[in-house]
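Reviewing the structure listed below.
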Amino acid sequence: MSPDDLSPCPQCGAAPLDGKTCKDKYGEILALEFQEPAVFGAVHHITVTCYNLQHPDFFSDEAIEWMETSLRKIIEEGLSPAELRKSAGKRTGEGMKVRRRTAPAEVPRRSRWSMTVMDVRADNAEVYVRDIRAWARSILDDLSGDDCRQAS
Ligand SMILES: [Zn+2]
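Residues 458 to 609 in the numbering used here are what the sequence shown lists, from first letter to last.
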C-alpha cells in the first residue's frame, strides 16, 4: 500500500486505522451484515444510508435529501425498512435522479463529522447495532446544525 492510501478520506475526513481506509472498513461491516443478516444485517439500511450521506460525491441533491429524510424517519420516527421501501418506491416512480450530473468537486460537503464508519465497533451484534444507530443520530445532528445547506 502506498503512503497516499493512508491519507484521510477526502469525503468523510476519516483517518485510516491500522492501514484500513473507511472504504475497507465499510466493506468489512457489509460482509458481516451479509454473513449474519438476522443480527448484524438488521441495521443494513441504516449502515448504507449513513455511509452514502458521508460519501455523497456521486449522488444528486435529490437523492441526498431523500437519504437524509429516510434516515430521520427510521431513527426519529421508528419507521421500518419495509415501510420505507414502500415510500421509496413511490419516490422512484416520480423519476428521482439518483446520480449527480455535476462534477464531484462542485459538491459542497462537510469535512468534519462527529462520527464516521471508522468509529463503528463490530465486537458483537449488540455493540454493532448500538454504534450504527449512534452513527446515524450523529449524522442527523451534524446535518441539522449545518446552516450552509439551507441557503441553496
Ligand atoms: Zn470516507
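Where a beta carbon is used, it is the ideal one built from N, C-alpha and C, also for glycine.
- With a threshold of 8 angstroms, the Cβ atom of LYS530 does not count as near ligand 1, since no heavy atom of the ligand is closer than that.
- Closest in alpha carbon position to GLU522, among PRO538, VAL555, GLN492 and ALA499, is VAL555.
- Taking every protein chain shown into account, the CB of LYS543 has fewer than 16 other CB atoms within 10 angstroms, so this residue is exposed.
- In the structure shown, LYS482 falls within a helical segment according to DSSP collapsed to helix, strand and coil.
- Scanning ASP576, ALA471 and PRO473 for the CA closest to the CA of ARG590 turns up ASP576.
- Within 8 angstroms of the C-beta of GLY498 there is not a single heavy atom belonging to ligand 1.
- Beyond the five residues adjoining it in sequence on each side, TYR508 comes within less than 7 angstroms, by CB distance, of TYR483 and VAL574 in the same chain, given in chain order.
- In this structure, the C-beta of THR504 stays at least 8 angstroms away from each heavy atom of ligand 1.
- Scanning its chain for C-beta atoms nearer than 6 angstroms, with the 5 sequence neighbours on each side dropped, one finds around ALA472 the residues PRO465, in chain order.
- When only Cα atoms are considered, THR506 and ASP475 end up about 25 angstroms apart.
- Linking ASP518 to HIS512 through their CA atoms gives a straight-line distance of about 13 angstroms.
- CA-to-CA, the gap between GLY602 and GLN492 works out to about 36 angstroms.
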